[in-house]
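Read in order, the letters of the sequence shown are residues 1 to 313 in full-length UniProt numbering. In this text, a Cβ means the ideal position worked out from N, Cα and C, and glycines have one as well. It should be emphasised that the depicted structure is a prediction, and the values quoted were computed from it without experimental measurement.
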Amino acid sequence: MSFRECTEVTVSCPVEATIYAYRPNIGGNSFFLAGFSICLIAQIYLGIRHKTWSWLGCLFVGCAMELVGYIGRLMMNSNPWSDTAFRIQIVCLILGPSLMSGSIDLVLKHVVLTFGSEFSRIPAKWYTWVFIGADITSIVVQAIGGALASSGDATTIDIGNNMMLAGIILQVVQLVAFGIVTLEYGVRSYRHRSELASLRTKSAESLRKFKFFAWSCTVAYFAILIRCCYRIPELAQGWGGPLMQDEVTFLVLDGAMILLAAIVLTVFHPGIFFPQMASNSKERRERKDLEKSSDRSPSPAGQRDEGVISTGV
Numbered sequence: 001m002s003f004r005e006c007t008e009v010t011v012s013c014p015v016e017a018t019i020y021a022y023r024p025n026i027g028g029n030s031f032f033l034a035g036f037s038i039c040l041i042a043q044i045y046l047g048i049r050h051k052t053w054s055w056l057g058c059l060f061v062g063c064a065m066e067l068v069g070y071i072g073r074l075m076m077n078s079n080p081w082s083d084t085a086f087r088i089q090i091v092c093l094i095l096g097p098s099l100m101s102g103s104i105d106l107v108l109k110h111v112v113l114t115f116g117s118e119f120s121r122i123p124a125k126w127y128t129w130v131f132i133g134a135d136i137t138s139i140v141v142q143a144i145g146g147a148l149a150s151s152g153d154a155t156t157i158d159i160g161n162n163m164m165l166a167g168i169i170l171q172v173v174q175l176v177a178f179g180i181v182t183l184e185y186g187v188r189s190y191r192h193r194s195e196l197a198s199l200r201t202k203s204a205e206s207l208r209k210f211k212f213f214a215w216s217c218t219v220a221y222f223a224i225l226i227r228c229c230y231r232i233p234e235l236a237q238g239w240g241g242p243l244m245q246d247e248v249t250f251l252v253l254d255g256a257m258i259l260l261a262a263i264v265l266t267v268f269h270p271g272i273f274f275p276q277m278a279s280n281s282k283e284r285r286e287r288k289d290l291e292k293s294s295d296r297s298p299s300p301a302g303q304r305d306e307g308v309i310s311t312g313v
């Protein structure tokens, strides 16, 4: 009998013959299910309270997909041969981190407008268009790949795997590019931090809160990057490869990294630590006018290096 005909664990269809070759651990996967559930509830509350709608959208969908993904893995504990459970977890756990990454992409525009758009090489709104656009492309490629990979058809499984791999590679390229651009802006602005810190921040307390927020985004950024770097060789080895059949490595380099990102992006919520991102913020309304004016005039940043503080994002 072909293993493709297996629907449950029997003598002829052992767990070892499944793609993962193990029953997902109840304790470990339940821990991540609980963690993402708490983050999801907290994000809903904080997002509505502080009206950080774009941030809420990214984190809500990202945490929800992680939550559903771990439900799928727990379903696989009961039946490792379940096609439905496999499809749920592979699609959700592949796409969830990409959506969380989108929340970080939103930050740079607001940082630039708050601390000095004149020191950016491009108009602030372009950061959102470019990096969110790359994120969306990556998500679409991964989504199509996940759908094909979960179809169960022998021909499309490999195609789907390759598409998911391509989507994650694209996400890594986008993350690295985002990191370089952010670091470059931070270095340029750091040189004149004393001058503009007194002009553009209302108090030492607001600057201190922003630093906490910036560091939280930095931690989340590297956590998501580590997870993506793990997923590349895992998918490159193909279905049933050594990395794919190592649950401990998965729980550490995927589950723990993404939960860490979700926690820091929840605890250091922009509604509290960087309120300029809130849609009802007076500063944000004022910065919309600044953004329009910056679009009409070339940035002097291309001619000189100057700025305010290192963002750390």
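Of the residues the options, which one's Cα is nearest the Cα of residue i?
i	options	result
isoleucine 226	Gln43, Glu5 and Ser101	Ser101
valine 173	Ser206, Ser150, Gln142 and Asp135	Asp135
glycine 69	Thr52, Thr155 and Ile258	Ile258
threonine 218	Val187, Ala236, Leu183 and Ala204	Leu183
tyrosine 221	Thr249, Leu175, Ala21 and Asn79	Leu175
histidine 192	Ala236, Ala166 and Phe119	Phe119
alanine 223	Ala256, Asn162, Met76 and Ala149	Ala256
phenylalanine 32	Ala278, Asp254 and Thr155	Asp254
glutamine 237	Val61, Leu74, Ser98 and Met164	Met164
serine 12	Val112, Leu265 and Trp81	Trp81
leucine 260	Pro14, Ile139, Ala204 and Ile38	Ile38
asparagine 161	Asp83, Asn79 and Ile232	Ile232
glycine 167	Tyr185, Val181 and Ala143	Ala143
isoleucine 180	Tyr45, Thr137, Ser78 and Tyr127	Tyr127
methionine 65	Ile139, His50 and Cys6	Ile139
Which same chain residues, not among the five before or five after residue i, have their C-beta less than 7 Å away from its C-beta?
i	result
glutamate 16	none
arginine 4	none
phenylalanine 213	Phe268, Pro270, Phe273 and Phe274
aspartate 305	For aspartate 305, the predicted model reports a pLDDT of 41, less than 50, meaning its position is unreliable; a value from the coordinates is still stated below. Answer for aspartate 305: Arg188 and Arg191, listed in chain order.
cysteine 229	Val172
leucine 251	Gly28
threonine 137	Leu170
alanine 204	none
Spatial neighbours of residue i within its chain, please: C-beta separation below 6 Å, excluding the five flanking residues on both sides.
i	result
phenylalanine 131	Asp105 and Phe178
glycine 72	Ala85, Ile88 and Gln89
leucine 99	Cys58, Val61 and Gly62
proline 300	The predicted model places proline 300 with a pLDDT of 44, which falls under 50 and marks its position as unreliable; any figure quoted below should be read in that light. Result list for proline 300: Glu118, in chain order.
lysine 209	Phe273
tryptophan 239	Ile19
residue 316	Lying before the first or after the last residue shown, residue 316 is absent from the chain, which here runs from 1 to 313.
proline 97	Ile224, Arg227 and Ile258
methionine 244	Glu234
cysteine 6	Cys13 and Trp81
leucine 93	Gly69
Am I right that residue i and residue j are in contact with their C-beta atoms under 8 Å? What's the rounded C-beta distance?
i	j	result
leucine 95	valine 141	Not confirmed; about 11 Å, so no contact.
threonine 249	glutamine 43	Not really, about 28 Å apart at Cβ, beyond 8 Å.
glycine 146	valine 91	4 Å
cysteine 58	phenylalanine 36	Not really, about 14 Å apart at Cβ, beyond 8 Å.
tryptophan 53	serine 279	6 Å
leucine 40	glycine 47	Contact flag wrong, Cβ pair sits at about 10 Å.
tyrosine 185	valine 264	That belief does not hold up - the Cβ atoms of tyrosine 185 and valine 264 are roughly 21 Å apart, past 8 Å.
leucine 74	serine 30	7 Å
Is residue i buried or exposed, if buried means 16 or more other CB atoms sit within 10 Å of its CB?
i	result
glutamate 8	exposed
proline 242	exposed
threonine 18	buried
serine 78	exposed
alanine 124	buried
alanine 262	buried
glycine 116	buried
threonine 10	exposed
By Cβ distance, which residues of its chain are closer than 8 Å to residue i, with the 5 residues on each side in sequence left out?
i	result
glutamate 247	Tyr20, Tyr22, Pro24, Asn25 and Gly28
threonine 156	Leu148 and Ala149
serine 216	Val264, Leu265, Val267, Phe268 and Phe273
arginine 49	Gly271
Compare the C-beta of residue i with all C-beta atoms of chain B and state if any pair is closer than 8 Å.
i	result
isoleucine 48	The chain labelled as chain B is not found in the depicted structure, where only one protein chain is given.
- Task: Ignoring anything shorter than 4 residues or poking outside the segment 35-101, list the alpha helix (DSSP H) runs there in chain order.
- Result: 53-78
- Query: Which runs of the alpha helix (DSSP H) fall wholly inside the segment 100-157 and span at least 4 residues, in chain order?
  - Reply: 124-149
- Runs of alpha helix (DSSP H) wholly within the segment 205-285 (minimum 4 residues, chain order): 247-250, 257-267 and 270-273
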